[in-house]
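Student: Below is the structure I would like to discuss, written out as structure tokens.
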Amino acid sequence: MTLSNRIETVESRLSEACRRSGRKREDIQIIAVTKYVGTEQTVSVLNHGLLHLGENRWQDAAAKWLAIGGDQAERRPDVAGQAVWHFIGSLQTNKVKEVVGRFTYIHSLDRPSLAEAVQRRAEHLGIVVPCFFQVNISGEDSKHGLAPEQLIPFARSVANLPNIEPAGLMTMAPNEAIAERSRPVFRGLRQLRDELNAAAVLNKPVTGLSMGMSGDFEIAVEEGATWLRLGTILVGRE
Ligand SMILES: *Cc1c(COP(=O)(O)O)cnc(C)c1O
Numbered sequence: 003m004t005l006s007n008r009i010e011t012v013e014s015r016l017s018e019a020c021r022r023s024g025r026k027r028e029d030i031q032i033i034a035v036t037k038y039v040g041t042e043q044t045v046s047v048l049n050h051g052l053l054h055l056g057e058n059r060w061q062d063a064a065a066k067w068l069a070i071g072g073d074q075a076e077r078r079p080d081v082a083g084q085a086v087w088h089f090i091g092s093l094q095t096n097k098v099k100e101v102v103g104r105f106t107y108i109h110s111l112d113r114p115s116l117a118e119a120v121q122r123r124a125e126h127l128g129i130v131v132p133c134f135f136q137v138n139i140s141g142e143d144s145k146h147g148l149a150p151e152q153l154i155p156f157a158r159s160v161a162n163l164p165n166i167e168p169a170g171l172m173t174m175a176p177n178e179a180i181a182e183r184s185r186p187v188f189r190g191l192r193q194l195r196d197e198l199n200a201a202a203v204l205n206k207p208v209t210g211l212s213m214g215m216s217g218d219f220e221i222a223v224e225e226g227a228t229w230l231r232l233g234t235i236l237v238g239r240e
């Protein structure tokens with residue numbers, strides 16, 4: 003399948019999921035996860051109009067970022083759109099200086115020490131970084147993220163960091179062959195967002211829900227996702 007075919011397939015399944023759940027397509031954004039592919043395919047993704055790119059490790063993203071998102075002078079001339087980079091993987095504190103300033107969004111804020119490191123770097127650069135708080139809804143040991151009961155105290159501490167803008171919540175569902183098993187996880191994240199807003203610990207309510215991957219994105223749409231992170235099904239693998 004070509005990239006165009008994959009985009010068409012995802013779009014038609016996405017429209018169906020919107021129709022089933024009474025949602026508007028424009029309320030959902032797609033992040034094309036390029037971690038499995040190299041620079042050529044990433045350029046192609048951008049030139050197909052997918053401007054939101056997701057990567058989960060700086061080491062793997064660096065070459066692509068330099069070719070596509072780096073200084074104008076160094077940038078390849080064949081890149082059409084302006085990429086918006088999303089850091090979606092777990093972020094080590096010692097990588098914060100590489101990631102903040104290059105990636106517009108961070109989807110994996112999950113501990114106070116990381117929030118403080120992001121704050122310091124963002125303040126140094128004079129920018130405000132929109133961040134999703136990652137929550138481990140499924141409770142699996144292998145998943146990063148805050149335990150649900152840690153969310154409100156964490157949010158309260160982030161509310162005092164002026165260079166972090168809370169964007170919403172992010173979760174990873176268990177990687178199961180049966181998509182329907184992700185539903186309670188996604189529903190749990192939405193309920194937690196509503197509880198967070200009801201607790202009014204942030205300076206303003208958050209709307210974002212970053213959830214849904216190749217195997218379960220339609221379920222995520224039905225449960226209220228606003229950002230889908232799609233790798234294999236959309237970008238492919240090399
Ligand atoms: C790799 C990755 C994705 C995309 O995975 P696919 O199943 O290939 O769509 C989404 N989110 C995160 C955090 C990832 O690491």
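Under this note's numbering, the first residue of the sequence shown is numbered 3, with each subsequent residue one higher.
Backbone N, C-alpha and C fix where the C-beta goes; we use that ideal spot for every residue, glycine too.
(1) Tell me the rounded alpha-carbon separation between residue 191 and residue 231.
(2) Could you spell out where the alpha helix (DSSP H) holding residue 89 opens and where it closes?
(3) Tell me whether residue 181 sits in a helix, a strand or coil according to DSSP, three-state version.
(4) Roughly how many angstroms separate the alpha carbons of residue 156 and residue 130, rounded to a whole number?
(5) Where DSSP assigns a beta bridge to residue 20, which residues make up the other side?
(6) Taking the beta carbon of residue 61 as the centre, do at least 16 other beta carbons fall within 10 Å, making it buried, or is it exposed?
(7) Whole angstroms are fine: how far does the CA of residue 163 sit from the CA of residue 29?
(8) Do residue 56 and residue 41 have their C-beta atoms closer together than 8 Å?
(9) List the endpoints of the continuous beta strand (DSSP E) containing residue 166.
(10) For residue 50, which of helix, strand or coil comes out of DSSP?
(11) Within 10 Å of its beta-carbon, does residue 107 have 16 or more other beta-carbons around it, so buried, or fewer, so exposed?
(12) Output the distance between the C-alpha atoms of residue 200 and residue 189, rounded to the nearest integer angstrom.
(13) In chain order, what residues of the same chain lie with their CB nearer than 6 Å to the CB of residue 103, ignoring the 5 residues before and after it?
(14) Report the CB separation of residue 148 from residue 137 in whole angstroms; it is logged as a contact under 8 Å.
(15) To the nearest angstrom, report how far apart residue 184 and residue 44 are at their CA atoms.
(16) Which parts of the stretch 190–233 are runs of the beta strand (DSSP E), unbroken and 3 residues or longer, counting only runs that do not cross its ends?
Tutor: Put simply:
(1) Distance between the alpha carbons of residue 191 and residue 231 is about 15 Å.
(2) Here residue 89 belongs to no alpha helix (DSSP H); instead the beta strand (DSSP E) covers 86–89.
(3) The answer is helix: DSSP assigns residue 181 an H, G or I state.
(4) Taking the straight line from one Cα to the other gives about 18 Å.
(5) Residue 20 pairs with nothing; no bridge assigned.
(6) A residue is called buried once 16 or more other Cβ atoms fall within 10 Å of its Cβ, and residue 61, having fewer, is exposed.
(7) If you take the alpha carbons of residue 29 and residue 163, they lie about 28 Å apart.
(8) No; because the gap between Cβ atoms is not below 8 Å, this pair is not in contact.
(9) Per DSSP, residue 166 belongs to the beta strand (DSSP E) from 166–172.
(10) Coil, per DSSP.
(11) Around the beta carbon of residue 107, 16 or more other beta carbons sit within 10 angstroms, so the residue counts as buried.
(12) When rounded, the distance between both Cα atoms is 17 Å.
(13) Exclusion of the five residues before and after residue 103 leaves 127 as the residues of its chain whose Cβ lies within less than 6 Å of its Cβ.
(14) Here residue 148 really is in contact with residue 137; their C-beta atoms are around 5 Å apart, less than 8 Å.
(15) One C-alpha to the other measures close to 28 Å.
(16) Runs of the beta strand (DSSP E) inside the stretch 190–233: 210–212, 229–232.
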